[in-house]
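If you read the protein sequences in the order shown, they are chains A and B. Going by my numbering, the residue at position 116 of the first sequence is 118; the numbering climbs one at a time, nothing skipped. Going by my numbering, the residue at position 10 of the second sequence is 619; the numbering climbs one at a time, nothing skipped. Positions of the beta carbon are idealized from the N, C-alpha and C atoms, including for glycine. Presented below is the structure to which this report refers.
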Amino acid sequence: MRARLLEVGDLHAYYGKSHILHGATFSVGEGEIVSLLGRNGVGRSTTIKAIMGDVPPKGSIRFKGEQIAGLKPHQIARKGLGYVPETRDIFPALTVRQNLMLGEKGGKGARRWTMPDMFGMFPRLEERADTPGGVLSGGEQQMLTICRTLMGDPDLIMIDEPTEGLSPLMVEHVGRLLEEIAKRGVAILLVEQKLAIALRISKRLYVMGHGKIVYEGTPAALEAASAIRKEWLEV
Amino acid sequence: MLQLVIFSTLNGVLYGMLLFMMASGLTLIFSMMGVLNFAHASFYMLGAYFGFEISRRLGFWPSFFVAPLLVGALGALVERYGLRRVHKFGHVSELLFTFGLAFIIEELTQMFWGKLPVDYRVPPSLDFVAFRLLDTTYPAYRMFMLLTAIAMFVFLLAILTRTRIGLIVQAALTHPDTVAMLGHNVPRIFMIVFGVGAALAGLAGVIAGPALVTQPSMASSLGPILFVVIVVGGLGSLQGAFFASLLIGVVQTFAVAMNYSLAEAFGANAPPLLGDLWQVTIAQLAPIIPYALLVLMLILRPTGLMGTRET
Ligand SMILES: Nc1ncnc2c1ncn2[C@@H]1O[C@H](COP(=O)(O)OP(=O)(O)O)[C@@H](O)[C@H]1O
Ligand SMILES: [Mg+2]
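Shown next, in the form of structure tokens:
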């Protein structure tokens, strides 16, 4: 069997002494949109940070068949993994254009995304290309962060709660951007609170509980599994 | 009087630009790594000695280019194999490391070149009078120093604001983790900044050496002034360091030039209190001025002229 794009096996992670991830196992295929669901504080962000090398991981993380656990974040990014943190973290003093430029890794060869692509999808970013990123609205900053990561041409992009705090219109924009990303062959690992959007765009979903994966299924299966939703998702 | 103003302004700006060549690196390194590099002035001194040694063998112009590169390479090595390893033990360890390094460099310099000043002279090609005003002349070498410092400043600004690596440096100043997640090797950027900062200080040493005195104490006498500059300017702020450098350069140069005592200023009205204190001249007070500014700044405006963080 061919290795899947990302294969995480028995992943543990700690903040100091507190044990947060207790052996999470899951995978993402090429060009696939996969959501990681769960209640707040369950360890979804920690999972992504551990994959990215921001939190020291224990266990196996294979990307394109290669073990990446233990590498530094910039090395992991250069293998083709993109990360959009929930804190967004644009560079507030730099302009929109400069923010996007910083997403490029400076390698050679054809890339899936160019600056005109981004501006084509979000005319708003082009209008504000020369204003500092710090003055954009929350939704615009979210777009900017996602676009900045895309400029590095990742094969898998991990996006943490992109619709948090956004207006319904902006949520819609983000949803469409995610579908566009997948259409160009980039896989997505999405952490999302809003069940509706996750169910609409994902191919598969995982539910996390107590630092492990407690359920895996398709959107249709999860919609049918009301006991699972009640136990692990609804508040 | 007009002469005094013109020449003191020129000299003050020159001194200020030299300070900035060192303070710029120091403040950038501080913003990135959060460590005050006590050895920064030592790179300036090494620049002067390397400049002396190379120009003695190969002439001034080769040394003008080679000496700063050598100092920069040394700086990069210090970061890569010294500071980076000490980093995990915290800022106090880093501070002590740079402190120790400054002493080692001073001792080694004495071992190689002796305690007395070395004979590092203005090169003949630049040893002429640039212009004459009334009965005073201004040496061409000083104009050369000024132009070099200005060219360096423009070059640095262009790199920081116009190039990709400059953007990465700017972003890494505030968000190093985010920059790393975008695939940039932040430790390597730190090493480059440290190396470039050391090279700039080295260049300042190469050009200042012939005009001032090249001796083993030149680092320890300049180091404290550099700290004053970056604190007054606001730690981590390049613009702040620029204005503070000029301010301190000009103020100190004027103070040195003014050989008046308070007694003369007050004339016969000087109160008979405090005795000899009235005989102290402004020139005698000059060395204290930067530190007085430092103390006042910390009391009145702890973030410095343009800084955002408390010192
Ligand atoms: N930097 C940190 N230091 C210590 N504990 C943390 C830190 N970040 C998160 N945690 C804890 O780890 C657990 C999982 O957090 P997180 O992965 O952010 O959850 P989620 O993203 O699923 O809401 C929470 O209990 C949280 O309090
Ligand atoms: Mg989270």
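Beta-carbon proximity of residue i to residue j, cut-off 8 Å
{"i": "residue 263 of chain A", "j": "residue 131 of chain A", "result": "Because residue 263 of chain A is not part of the residues shown, which for chain A are 3 to 237, the question remains open."}
{"i": "residue 703 of chain B", "j": "residue 800 of chain B", "result": "no"}
{"i": "residue 752 of chain B", "j": "residue 760 of chain B", "result": "no"}
{"i": "residue 6 of chain A", "j": "residue 31 of chain A", "result": "yes"}
{"i": "residue 110 of chain A", "j": "residue 80 of chain A", "result": "no"}
{"i": "residue 200 of chain A", "j": "residue 39 of chain A", "result": "yes"}
{"i": "residue 29 of chain A", "j": "residue 10 of chain A", "result": "yes"}
{"i": "residue 180 of chain A", "j": "residue 192 of chain A", "result": "yes"}
{"i": "residue 56 of chain A", "j": "residue 728 of chain B", "result": "no"}
{"i": "residue 691 of chain B", "j": "residue 804 of chain B", "result": "no"}
{"i": "residue 34 of chain A", "j": "residue 232 of chain A", "result": "no"}
{"i": "residue 758 of chain B", "j": "residue 631 of chain B", "result": "no"}
{"i": "residue 857 of chain B", "j": "residue 840 of chain B", "result": "no"}
CB contact check: residue i to chain B, cutoff 8 Å
{"i": "residue 107 of chain A", "result": "yes"}
{"i": "residue 144 of chain A", "result": "no"}
{"i": "residue 99 of chain A", "result": "no"}
{"i": "residue 76 of chain A", "result": "yes"}
{"i": "residue 135 of chain A", "result": "no"}
{"i": "residue 217 of chain A", "result": "no"}
{"i": "residue 17 of chain A", "result": "no"}
{"i": "residue 10 of chain A", "result": "no"}
{"i": "residue 85 of chain A", "result": "yes"}
{"i": "residue 141 of chain A", "result": "no"}
{"i": "residue 91 of chain A", "result": "yes"}
Cβ neighbour criterion (16 or more within 10 Å) applied to residue i
{"i": "residue 156 of chain A", "result": "buried"}
{"i": "residue 21 of chain A", "result": "exposed"}
{"i": "residue 42 of chain A", "result": "exposed"}
{"i": "residue 150 of chain A", "result": "buried"}
{"i": "residue 73 of chain A", "result": "buried"}
{"i": "residue 18 of chain A", "result": "exposed"}
{"i": "residue 789 of chain B", "result": "buried"}
{"i": "residue 51 of chain A", "result": "buried"}
{"i": "residue 855 of chain B", "result": "buried"}
{"i": "residue 861 of chain B", "result": "buried"}
{"i": "residue 779 of chain B", "result": "buried"}
Contact with chain A by residue i, beta-carbon distance below 8 Å
{"i": "residue 787 of chain B", "result": "yes"}
{"i": "residue 780 of chain B", "result": "yes"}
{"i": "residue 793 of chain B", "result": "yes"}
{"i": "residue 642 of chain B", "result": "no"}
{"i": "residue 761 of chain B", "result": "no"}
{"i": "residue 784 of chain B", "result": "yes"}
{"i": "residue 790 of chain B", "result": "yes"}
{"i": "residue 902 of chain B", "result": "no"}
{"i": "residue 768 of chain B", "result": "no"}
{"i": "residue 689 of chain B", "result": "no"}
{"i": "residue 666 of chain B", "result": "no"}
With a threshold of 8 Å, are at least 3 pairs of Cβ atoms found where one atom belongs to the segment 647 to 662 of chain B and the other to the segment 838 to 848 of chain B? Judged by Cβ distances under 8 Å, the segment 647 to 662 of chain B makes no contact with the segment 838 to 848 of chain B, as fewer than three pairs qualify.
Where the beta carbon is closer than 5 Å to any heavy atom of ligand 1, which residues qualify, in chain order? Every residue passing the under-5 Å Cβ criterion appears here: A:17, A:22, A:42, A:43, A:44, A:45, A:46, A:47 and A:48.
Counting beta carbon pairs with one atom in the segment 213 to 225 of chain A and one in the segment 61 to 70 of chain A, are three or more of them shorter than 8 Å? Touching, no, given that fewer than three Cβ pairs across the two stretches are closer than 8 Å.
Okay, do the segment 819 to 830 of chain B and the segment 644 to 654 of chain B touch, 3+ Cβ pairs below 8 Å being the bar? The answer is yes - the segment 644 to 654 of chain B touches the segment 819 to 830 of chain B, with three or more Cβ pairs under 8 Å.
Given 8 Å as the limit, is there contact between the segment 760 to 778 of chain B and the segment 618 to 625 of chain B, that is, 3 or more CB pairs closer than that? Output reads no: the segment 618 to 625 of chain B does not touch the segment 760 to 778 of chain B.
Would you say the segment 802 to 810 of chain B touches the segment 115 to 132 of chain A, given that touching needs at least three Cβ pairs under 8 Å? Counting C-beta pairs with one atom in each stretch, the segment 802 to 810 of chain B and the segment 115 to 132 of chain A have fewer than three that are closer than 8 Å, which means they do not touch.
Count the CB pairs spanning the segment 165 to 185 of chain A and the segment 139 to 151 of chain A that are closer than 8 Å, and state whether there are at least three. Verdict: yes, contact present.
Evaluate contact between the segment 613 to 620 of chain B and the segment 846 to 857 of chain B, counting only Cβ atoms and requiring at least three cross-stretch pairs below 8 Å. Counting C-beta pairs closer than 8 Å gives fewer than three between the segment 613 to 620 of chain B and the segment 846 to 857 of chain B, which falls short of the contact rule.
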